[in-house]
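Only one structure is covered here, and it is reproduced in the block below.
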Amino acid sequence: MSRGRSLVGALLVVPALAMLVGSVVLPAFDTVVTSFDENSRWIGDPEPVYGFGNYGDIFRLGFGGSLLNGLRLAAVPLLLVVVVAPVLAVAAQAGGTVVRRLVRVALVLPLAAYAPVAVAIAGQWDAGRPADARGELALYWWSTLGLFTALAVLGYLAVLRRRDPTRSPVPALLLVAGVGAAAVLAVAFQEFTYTYVGAPGPGGPRKAYPMQVIYRFAFLYARPGVSAAGSTVLLVLFVLLGLLVTVALVVSRARLAVPPSGPVGPTPKALRIGGAVVAGVVGVTVLVLTVVGLWPWLADLFGPRSDAYGQVPSGVGVSTWVPSLISTLVAMAVTVLAAYGIGWLRPLGRHSEWLLLPFGLFLFVGLGPVSVSHFERARRWEVLDSFLGLVPPTFVVVPVLFLLTLLFAGQAARGEAVLGRGRPVRSATLLLPVLPMVGVAFLATWLFRAQDLLWPMLAGPDPQHRTGPLYLVELTARAVYARRIDDGFPVGLALPAVVFVALLLIVATVQMLYLDRVALRTGPDTD
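Here the sequence shown is numbered in numbering that gives the first Met the number 0, starting from 0 and rising by one per residue.
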């Protein structure tokens with residue numbers, strides 16, 4: 000490998016590293032420092048007094064109980080990811096191509112129906128009242144059941160795709176299960192939308208969830224130091240989870256690839272029939288439960304809209320999709336460059352994946368734990384209540400960086416294996432299969448950021464700069480206050496029906512023509 004190639008690869012990582020430091024590391028550092036300031040307040044400018052008092056306050060007021068509530072949120076998703084999803088994936092693979100593709104089709108709906116605020120509000124209103132503590136759990140579990148299962152099945156199917164019959168898939172399956180379990184825990188502890196919509200209002204910390212406690216102390220009680228103490232506890236947990244997952248991926252030599260299509264070995268008839276039966280039962284069950292969980296939202300999305308909610312303010316669509324698009328464009332640009340530099344140009348040779356380590360420490364850190372720091376930064380820059388302030392403040396997508404790096408690395412390994420057998424291979428042939436994954440990652444990131452509730456609540460409460468999800472929450476608050484709940488809630492403000500239908504078509508196409516070919520490998524390359 001030439002020094003010039005290695006140097007270029009290293010340089011391509013620098014923009015992403017700079018964005019990581021600016022939008023994640025420094026806010027995390029500020030959060031930790033604030034957590035030790037016992038005199039931290041939004042009002043006035045008190046002199047800092049450093050100590051551990053904020054940690055004592057937040058745990059005395061019930062933060063430990065909120066962590067247990069977070070574990071309760073994660074209980075059912077963990078079961079889905081580590082038990083249901085692998086059973087469905089293994090059965091689908093054993094059932095043959097037709098069964099596997101039918102399972103993929105069944106999973107299109109939960110993958111395309113990502114509108115957490117709208118889904119949560121529709122589910123809440125379906126009960127005719129705000130959810131109680133038990134209702135929050137049910138709301139979260141029902142609404143996310145299909146999504147967690149679908150994402151996990153994608154990982155397990157990638158392990159089973161055209162695998163070497165001489166090598167056991169168990170290590171790779173366990174790797175997917177471990178990464179999935181860590182992700183479920185991180186998502187549950189940072190969950191804000193379903194718990195906020197399910198139980199709006201101040202309430203007590205002991206009955207809340209981690210992000211609710213952090214939000215309330217910072218933005219309702221004006222105690223950012225106490226809030227930062229809770230955020231720091233989460234940051235420590237997420238850094239440890241990210242470190243474990245990163246080391247596991249690097250040590251296992253995990254990589255993704257898009258191998259060429261070709262015939263596969265025959266599957267015994269009994270195994271094929273058994274796989275088809277199990278996949279059919281589990282797949283239909285998951286699909287039915289997904290439809291049940293999403294039905295209130297689907298009914299409102301495609302049903303007649305009530306006039307009781309008035310006219311939608313102009314600019315809601317622009318505020319929803321354009322700021323998130325700006326952030327996604329910047330974040331994806333630096334992320335793709337870094338992934339290409341690490342995975343394809345490989346500046347450290349076979350040890351290049353270790354360059355993911357500084358990013359991996361923040362693999363599971365979302366906006367929530369550093370929201371106090373970002374809010375304070377936006378306030379200093381005077382961009383609150385402005386269109387610019389709505390731009391999500393995180394400008395690197397660490398999970399996508401891992402995904403694309405593993406794909407670039409897998410394609411590079413395929414090329415080396417082909418060259419080692421004395422056959423020519425063009426770089427374009429290996430790089431072109433990466434482009435659809437870049438597109439998928441871009442759309443997923445854009446959709447995820449457009450549907451966010453927390454940052455628009457903090458940065459854009461001005462009526463002229465309300466996003467669709469935020470406006471839906473405001474409509475809910477008005478209706479609850481007026482004690483009037485009408486059918487035909489305008490859930491399409493968050494995710495319009497035409498966008499949802501387009502997503503269904505895109506996800507179905509990608510599932511059939513692309514993701515069905517992606518393979519996950521661990522250990523030495525034999526392709």
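Positions of the beta carbon are idealized from the N, C-alpha and C atoms, including for glycine.
| message | Using a Cβ-Cβ cutoff of less than 6 Å, which residues in the same chain neighbour Ile213 once the five nearest sequence positions on both sides are dropped? | response | Looking up residue 213 in the sequence shown gives position 214. Taking C-beta separations shorter than 6 Å and ignoring five residues to either side along the sequence, the partners of Ile213 in its chain run Ser226, Gly229 and Ser230, following chain order.
| Mind checking whether Gly244 and Phe394 have CB atoms under 9 Å apart? | Against the sequence shown, residue 244 aligns to sequence position 245. Against the sequence shown, residue 394 aligns to sequence position 395. Before going on, a small fix: residue 244 reads as Val here, not Gly. Result no, Cβ atoms of Val244 and Phe394 do not sit closer than 9 Å.
| query | How is the alpha helix (DSSP H) around Ala411 delimited, first residue to last? | reply | Numbered from its first residue, the sequence shown carries residue 411 at position 412. Segment Val397 to Gly419, the alpha helix (DSSP H) holding Ala411.
| For Ser5, does the three-state DSSP call read helix, strand or coil? | For this step, residue 5 is matched to residue 6 along the sequence shown. It is helical.
| Cα-Cα separation between Ala458 and Gly69, rounded to whole angstroms | Locating residue 458 in the sequence shown gives position 459, where the first residue counts as 1. Locating residue 69 in the sequence shown gives position 70, where the first residue counts as 1. Each residue's alpha carbon lies about 26 Å from the other.
| CB-CB under 8 Å to Ser1, same chain, minus the five flanking residues each way: which ones, in chain order? | What you label residue 1 is simply residue 2 of the sequence shown in a count that begins at 1. Counting only Cβ-Cβ distances below 8 Å, and skipping sequence neighbours, we find nothing.
| request: With a threshold of 16 other CB atoms inside 10 Å of the CB of Asp299, please say whether the residue is buried or exposed. | output: Walking along the sequence shown from the start, residue 299 turns up at place 300. It counts as buried.
| field | Span separating the alpha-carbon of Ala181 from that of Leu240 | value | The residue labelled residue 181 in the question sits at position 182 within the sequence shown. The residue labelled residue 240 in the question sits at position 241 within the sequence shown. C-alpha separation (whole angstroms): 6 Å.
| task | For Ser260, I'd like the list of residues in its chain whose CB is within less than 8 Å of its CB, leaving aside the five on either flank, ordered along the chain. | result | Indexing the sequence shown from 1 puts residue 260 at position 261. Taking C-beta separations shorter than 8 Å and ignoring five residues to either side along the sequence, the partners of Ser260 in its chain run Arg516, following chain order.
| When the Cα of Phe28 is compared with those of Ser251, Leu136 and Val235, which residue comes out closest? | The residue you call residue 28 lines up with position 29 of the sequence shown. With distances taken between Cα atoms, Phe28 lies closest to Val235.
| message | According to DSSP, simplified to helix, strand and coil, what is Ala530? | response | No answer is possible for residue 530: the residues shown for the chain start at 0 and end at 526.
| message | Within the continuous alpha helix (DSSP H) that includes Leu328, where are the two ends? | response | Reading the sequence shown from its first residue, position 329 is the one you call residue 328. Val315 to Ala338 is the span of the alpha helix (DSSP H), which, as asked, contains Leu328.
| field | Buried/exposed call for Ala117, threshold 16 Cβ in 10 Å | value | Counting from one through the sequence shown, the residue named residue 117 turns up at place 118. Under the 10 Å beta carbon count, Ala117 is surrounded by 16 or more other beta carbons and is classified as buried.
| Beta-carbon gap between His464 and Ser370 smaller than 9 Å | For the purposes of this step, residue 464 is identified with residue 465 of the sequence shown, where counting begins at 1. For the purposes of this step, residue 370 is identified with residue 371 of the sequence shown, where counting begins at 1. Result no, Cβ atoms of His464 and Ser370 do not sit closer than 9 Å.
| said: Looking at the secondary structure, which residues open and close the alpha helix (DSSP H) in which Lys275 lies? | reply: As a first step, residue 275 is located in the sequence shown; it is residue number 276 there, counting from the start. The amino acid occupying residue 275 in the given sequence is Ala; Lys does not appear at that position. Under the DSSP assignment, Ala275 falls in the alpha helix (DSSP H) whose first and last residues are Lys268 to Phe301.
| task | Count the CB pairs spanning the region 14-30 and the region 164-179 that are closer than 8 Å, and state whether there are at least three. | result | With fewer than three CB-CB distances shorter than 8 Å, the region 14-30 does not count as touching the region 164-179.
| query | Under the three-state reduction of DSSP, which class applies to Leu519: helix, strand or coil? | reply | Numbered from its first residue, the sequence shown carries residue 519 at position 520. Of the three classes helix, strand and coil, the one that applies to Leu519 here is strand, per DSSP.
| query | Touch check for the region 176-196 and the region 13-27: three-plus C-beta pairs under 8 Å? | reply | Under the 8 Å Cβ criterion, the region 176-196 does not count as touching the region 13-27, having fewer than three qualifying pairs.
| task | Would you decide whether Phe147 is buried or exposed? Buried here means 16 or more other CB atoms lie within 10 Å of its CB. | result | Here residue 147 refers to the residue found at position 148 when the sequence shown is read from its first residue. Counting the other Cβ atoms within 10 Å of the Cβ of Phe147 gives 16 or more, which makes it buried.
| Close beta carbons around Asp131, own chain, < 7 Å, minus the five adjacent residues each side | On the sequence shown, residue 131 is found 132 positions in, with the first residue counted as 1. With a pLDDT of 43 at Asp131, under the threshold of 50, the modelled position of that residue is not reliable, and the figure given next carries that caveat. Listed in chain order, the non-local C-beta contacts of Asp131 below 7 Å within the same chain number zero, local neighbours out to five positions each way being set aside.
| Do the CB positions of Leu255 and Arg425 come within less than 9 Å of each other? | Taking the first residue of the sequence shown as position 1, residue 255 is located at position 256. Taking the first residue of the sequence shown as position 1, residue 425 is located at position 426. Annotated as distal: Leu255 and Arg425, with beta-carbon spacing of 9 Å or more.
| Per DSSP, Asp36 forms a beta bridge with which residues? | Mapped onto the sequence shown, residue 36 falls at position 37. Paired residue(s): Tyr49.
| request: Quick one: which unbroken alpha helix (DSSP H) runs of 4-plus residues sit fully inside the region 362-402? Chain order, please. | output: Complete alpha helix (DSSP H) runs here, min 4: 370-379.
| said: When you compare the CB positions of Leu10 and Gly340, do they come within less than 9 Å of one another, or not? | reply: On the sequence shown, position 11 is the one that residue 10 refers to. On the sequence shown, position 341 is the one that residue 340 refers to. Taking 9 Å as the Cβ cut-off, Leu10 and Gly340 qualify as a contacting pair.
| field | Cβ shell of Ala119 (< 7 Å), same chain only, five flanking positions each side left out | value | Within the sequence shown, the letter at position 120 stands for residue 119. The residues are Leu138, Ser142, Thr192, Tyr193, Val196 and Gly197.
| query | Between Trp560 and the rest of its own chain, which residues show a CB-CB distance below 6 Å, the 5 nearest in sequence each way excluded? | reply | Since the first residue of the chain shown is 0 and the last is 526, residue 560 is not available in this structure.
| query | What residue from Pro357, Gly359, Phe358 and Gly342 has the CA that sits closest to Ser351's CA? | reply | Counting from 1 along the sequence shown, the entry for residue 351 is found at position 352. Ser351 has its Cα closest to that of Gly342, out of Pro357, Gly359, Phe358 and Gly342.
| said: Does Ser313 pass the burial test, meaning 16 or more other C-beta atoms within 10 Å, or should it be called exposed? | reply: Within the sequence shown, the letter at position 314 stands for residue 313. With fewer than 16 other Cβ atoms within 10 Å, it is exposed.
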